[in-house]
């Protein structure tokens, strides 16, 4: 009797799955345990920070404040200082204090165990800034425009948007140049065409014109200083306006004798 033919097809090796690889299972298990431990530690830390354990008890203010009042500081602190030593939002606290009218810059840091230290740089007004709508704001010593109420006497500035730093720089240079005749600038303006007009403390107005390479504005002012006494003599001490835009001279316009100088 003939025997059945034996199959010659190759036999497939058994496929090993994830559960058949102990080293891989151990590695994944370790990763899961580590991730769980980190998550638990983080959650515990967050919960610990929110416990009523580290309350903020004081805000220490650094800086010689002349314009910002204690009431303003207390108002800003009440609205911004929330949470405890760990959870307080320092950036939010800084922004709240920098919104106060006379605060230029504020810095906040934690001081262990229960305080915040607040350093304030106040605005220092250098001039009033006349806007196109006739309203006034203030210019600080850096040429930045800000809004605040002030009762001190300040020079008046006016000019195109963004020109405050340029006007402040010119004002300081003009003030030095005028010291020799005992006068100082009361108002300085820059027109949209970049022409300069200067008013002195005695009401005299100088038309200085635009900056030109051959006839700089500073040179025109120096020429005025050199001829100031003569100009007053020619107008009987009633000069109202002097036009310095001429290359080698100037034009005078007298002010009525009974008209008081503008200050």
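In full-length UniProt numbering, the protein residues as written are 1 to 263.
Note that CB positions come from ideal geometry on N, CA and C, so glycine has one too.
What you are looking at is a predicted structure, and each value in this text was computed from that prediction instead of being measured.
Residue i: CB within 7 Å of a non-hydrogen atom of the ligand HEM
i          : result
residue 55 : Questions concerning the ligand HEM fall outside what the structure shown contains, since it holds no ligand whatsoever.
Buried or exposed (CB count within 10 angstroms, at least 16 for buried), residue i
i           : result
residue 78  : exposed
residue 213 : exposed
residue 170 : buried
residue 247 : exposed
residue 176 : exposed
residue 228 : buried
residue 55  : exposed
residue 123 : buried
residue 233 : exposed
residue 26  : exposed
residue 35  : exposed
residue 28  : exposed
residue 33  : exposed
residue 209 : buried
residue 70  : exposed
residue 126 : buried
residue 253 : exposed
residue 168 : buried
residue 206 : buried
residue 31  : exposed
Separation of residue j from residue i, as counted between CA atoms
i           : j           : result
residue 87  : residue 119 : 20 Å
residue 159 : residue 114 : 49 Å
residue 216 : residue 172 : 16 Å
residue 72  : residue 117 : 16 Å
residue 181 : residue 65  : 36 Å
residue 85  : residue 109 : 10 Å
residue 226 : residue 98  : 46 Å
residue 138 : residue 148 : 7 Å
residue 121 : residue 250 : 45 Å
residue 58  : residue 67  : 22 Å
residue 112 : residue 62  : 16 Å
residue 166 : residue 241 : 24 Å
residue 76  : residue 151 : 24 Å
residue 80  : residue 102 : 18 Å
residue 140 : residue 155 : 12 Å
residue 179 : residue 104 : 31 Å
residue 89  : residue 107 : 13 Å
residue 22  : residue 83  : 49 Å
residue 163 : residue 192 : 10 Å
residue 183 : residue 245 : 20 Å
residue 222 : residue 100 : 42 Å
residue 236 : residue 74  : 58 Å
residue 135 : residue 200 : 22 Å
residue 195 : residue 153 : 25 Å
residue 198 : residue 231 : 16 Å
residue 260 : residue 204 : For residue 260, the predicted model reports a pLDDT of 43, less than 50, meaning its position is unreliable; a value from the coordinates is still stated below. If I take the Cα positions, the gap works out to 11 Å.
Residues bridged to residue i [DSSP beta-bridge criterion]
i           : result
residue 55  : 84
residue 244 : Bridge partners of residue 244: none, in fact.
residue 252 : 242
residue 62  : 119
(request) Write down every uninterrupted run of the beta strand (DSSP E) in the stretch 95-172 whose length is 3 residues or greater and which is fully enclosed by it, in chain order. (result) Here the runs fully enclosed are 103-111, 115-122, 125-130, 136-140, 156-158.
(message) Check whether the stretch 93-110 and the stretch 127-138 touch, using three or more Cβ-Cβ pairs below 8 Å as the test.
(response) Not touching, per the Cβ criterion.
(message) Three or more C-beta pairs under 8 Å: does that hold for the stretch 137-152 against the stretch 188-197?
(response) At 8 Å Cβ cutoff, the stretches do not touch.
(message) Which runs of the alpha helix (DSSP H) at least 4 residues long sit entirely within the stretch 186-227? Give them in chain order.
(response) With a minimum length of 4 residues, the continuous alpha helix (DSSP H) runs that stay inside the stretch 186-227 are 217-226.
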